[in-house]
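K.L.:
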Amino acid sequence: MEDNVKGNILFELLQINLIRKQIIKHIPSFSDMNNLVDVCKFMKCDLEKEKIERKMFSYPDYQGVLITYDEGYDAVPVVPELSILDILGGADSKDLRNRSRTFFGETLLRGNRVTYFIDLLIEEWREEDHVSLVKELAEALNLNCTTRNDVKNLKFKFRFPVNVGCIVLDALNYMKHDNITRISLPVDCFTCPPNKYSMINGNIFNGFPNLTELFLTCSSSNKNYYDLIHHKDTFKRFVQQFSTVKNPTIFFSSLRHDDAMYANELYEIISIIRMYDVKVKLRINNKCSRFKGECENCIDTMGFFSPVKQYIATAFDTVYNHKELLHTVGILETFENLSELHLEVGLDNIDNNFITSGSQQFRGFGLRKLNNLKSVKLDCDEETFDCYDSDILNLFYQLFEFTCSMMPRSVEVLQLENVPDMNDVTAKMITEYMPNIKLLKINCLTYRESDSLDNFTKLECLISCDYCPIRIPKTLKLLAYAQYEWSVKPDDIISTDNLIKSYYEKFTKRITDGKNRYILFNDVCNWHLYKCAIQKYFCRGF
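Going by the numbering used here, the sequence shown opens with residue 1, and the numbers climb by one from there.
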């Protein structure tokens, strides 16, 4: 015992079981307990040995904001005065936030993100009213609401993008939040007429001291990233201001297969960003709707997305036949800095000859040299297994093993969506090629019990749906489980309940929604880390 703890009244009180239990009883959430332990280190042992259970409330945070004329105004002038504008804060998530504010238990914001939908229903406003309009918008966004204190991600979406982007950028100048690390903005923010912006002076990011990432989205069919070339001055000012944050990175998160034709234009935009020592990462959807084996955009895989392929960090692709799969592998293996991969697979047109012939050219190679690849998601077409035909299942396992054999040993996060099961054979397929899995998320199509997790010698986090491990690896620190009765037989429900109860012997902390979801762990000191994984993979996924 440390000398500075001796004689501490609170420490002495916590040694009395009845008092300790009463104190814990009145702490609403594990987040509060984590904060308490951070301040009072001596409380760690007392909290960790107690069996504690809390309820959970998981919710999204969406808010719509409408900028329009005042309801009572009829004769609208060409350039309206601010007095006739009305900024209405949407009530999309207000009720949920109110419930969260008074909830006794663990509140879990999905994705740990606030999403704003901005509607601008006016075309013009007086120049002298611009600052007042921007300040009023910042106030309406209400980012400093107490339920948003721990939010990490801020996302903006526009229903009608004309002129709204400049208002949002300027509004950031009047917003503050100590915990925001990521802001997502539509590319429309930079394509307004130059005279619409007032962000020339100062820095719009001063209110976000922990900001490190900016995601640029491009969801509108009539907009693309290459519009930035025609608005260089505005974009340069923006990048210059962003370059002042710590370790700044800009993500282009909405690139598509066809964007390969504009790689030179994209490189020009990236060059602007790199002038200010800001990192660049690209996410591409590599799905080619016209793929016939002779796609003019990517038949030369080595030239695909040159000269910017070194910036590609995340890739998504969908394959439905062996030609697509082999071609996809040929493209992906040229992305040397790939860190995340999402592969959607349909088995309808994959024949058995593929496994024994065409795939041999990649077995043992494929993506195995991509040592930056840390996260892999394999999503199977649910309709493929509707009939559970034995031939289809055999084909799936062959394809699954081939896919695993391509992966590098650096993979630490693996997500399996709509897989038929997780048995010992499947687990060995995974761990033979990806032995360093620390987080496994698995969604089985039918309820399964299994002891196959023994194969995962480094597994720390399991997030599962309708898959219940009989034995839990000694390395496991966090278990999040969802069970849906429609996929479980009555006898299985009883069996699962018994398994869940057996987990209580290993884990002293548990969170439930009172229905079908459980979160189990031990270490209160690491709950903030566990909560991030839960918000990212569990709250959103099931």
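Note that the Cβ used here is the ideal one computed from N, Cα and C, for glycine as well. Note that this is a predicted model, so its numbers are computed, not measured.
1) Name the one or two DSSP bridge partners that His342 has.
2) Counting only runs of 3+ residues fully inside the region 204-261, write out the beta strand (DSSP E) ranges in chain order.
3) With 16 as the cutoff for other CB atoms within 10 Å, does Gly366 come out buried or exposed?
4) For a minimum of 3 consecutive residues, which ranges assigned as the beta strand (DSSP E) are wholly contained in the region 38-71?
5) In terms of residues, what are the limits of the alpha helix (DSSP H) holding Asn98?
6) Can you check whether the CB of Phe117 is closer than 7 Å to the CB of Gly64?
7) Please tell me whether Lys135 and Cys166 are closer than 7 Å, where the distance is taken between their beta carbons.
8) Who are the Cβ neighbours of Phe156 in its own chain at under 6 Å, not counting the five residues just before and after it?
9) Does the Cβ of Arg159 have 16 or more other Cβ atoms within 10 Å, making it buried, or fewer, making it exposed?
10) In angstroms with no decimal places, state the Cα-to-Cα distance between Glu127 and Pro194.
11) Taking 7 Å as the threshold (C-beta atoms), are Met175 and Ala140 in contact?
12) In whole angstroms, give me the CA-to-CA distance for Leu378 and Val278.
13) Could you tell me how far apart the beta carbons of Asp454 and Arg471 are, in whole angstroms, since I believe they sit closer than 8 Å?
14) State the start and end residues of the unbroken alpha helix (DSSP H) segment that holds Cys532.
15) Comparing alpha-carbon positions, which option in Asn264, Val114 and Glu412 lies nearest Asn153?
16) Just checking, does the region 389-408 make contact with the region 437-446 on the three C-beta pairs under 8 Å criterion?
17) Have a look at Gln415 and Glu48 and give me their C-alpha separation to the nearest angstrom.
18) Which runs of the beta strand (DSSP E) spanning at least 3 residues fall entirely within the region 98-176, listed in chain order?
19) For a test of the three-state rule: what should DSSP assign to Cys465, helix, strand or coil?
20) Buried or exposed for Gln586, going by 16 or more other Cβ atoms inside 10 Å?
21) Leaving out five residues before and five after Glu265 in sequence, what residues of the same chain have Cβ atoms less than 7 Å from its Cβ?
22) By the DSSP assignment, the alpha helix (DSSP H) with Thr512 in it spans what residues?
23) Whose C-beta lies closer than 6 Å to the C-beta of Cys539 among residues of the same chain, with five residues either side of it excluded?
24) In the DSSP assignment, what residue or residues form a beta bridge with Gln22?
25) Considering only their Cβ atoms, is the gap separating Gln240 from Tyr267 smaller than 7 Å?
26) Let me check you understand the geometry: is the CB of Pro186 closer than 6 Å to at least one non-hydrogen atom of the ligand FMN?
27) Could you pull out every residue in the same chain whose Cβ sits closer than 6 Å to the Cβ of His342, ignoring the five residues on either side in sequence?
28) CB-CB under 6 Å to Gly364, same chain, minus the five flanking residues each way: which ones, in chain order?
29) Our contact map puts Met407 next to Arg368 with C-beta atoms below 8 Å; I'd like the distance itself, whole angstroms only.
30) With a CB to CB cut of under 7 Å and the five nearest residues on each side skipped, what residues in its chain are close to Lys232?
31) Quick check on Arg148: buried or exposed, where buried means 16 or more other Cβ atoms within 10 Å of its Cβ?
32) What is the DSSP secondary structure of Arg274, counted as helix, strand or coil?
33) Mind checking which residues open and close the alpha helix (DSSP H) that includes Gln398?
34) Cα-Cα, which of Phe205, Asn224 and Thr181 is closest to Phe190?
35) From Thr249 to Asp170, what does the alpha carbon distance come to, in whole angstroms?
36) Using a 10 Å radius around the Cβ and a threshold of 16 neighbouring Cβ atoms, would you call His26 buried or exposed?
P.N.:
Based on what the coordinates show:
1) Phe316 and Lys377
2) 213-217 and 249-256
3) buried
4) 52-69
5) Lys94 to Thr102
6) yes
7) no
8) Tyr116, Val168 and Leu185
9) exposed
10) 13 Å
11) no
12) 31 Å
13) 6 Å
14) Trp527 to Ala533
15) Val114
16) no
17) 30 Å
18) 106-120 and 153-158
19) strand
20) For residue 586 there is no data in the structure shown, the boundaries of the chain being 1 and 542.
21) Tyr226 and Ile229
22) Where Thr512 is concerned, there is no enclosing alpha helix (DSSP H), although the beta strand (DSSP E) it sits in stretches over Lys509 to Thr512.
23) Ser58, Leu108 and Arg110
24) None, per the DSSP bridge assignment.
25) no
26) As far as ligands go, the structure on display features none, and thus does not contain the ligand FMN.
27) Phe316 and Lys377
28) In this prediction, Gly364 has a pLDDT of 48, which is less than 50 and means its spatial position is unreliable; what the coordinates show is noted afterwards. So no residue of the chain qualifies.
29) 7 Å
30) Ile272
31) buried
32) helix
33) Ser390 to Met406
34) Asn224
35) 20 Å
36) exposed
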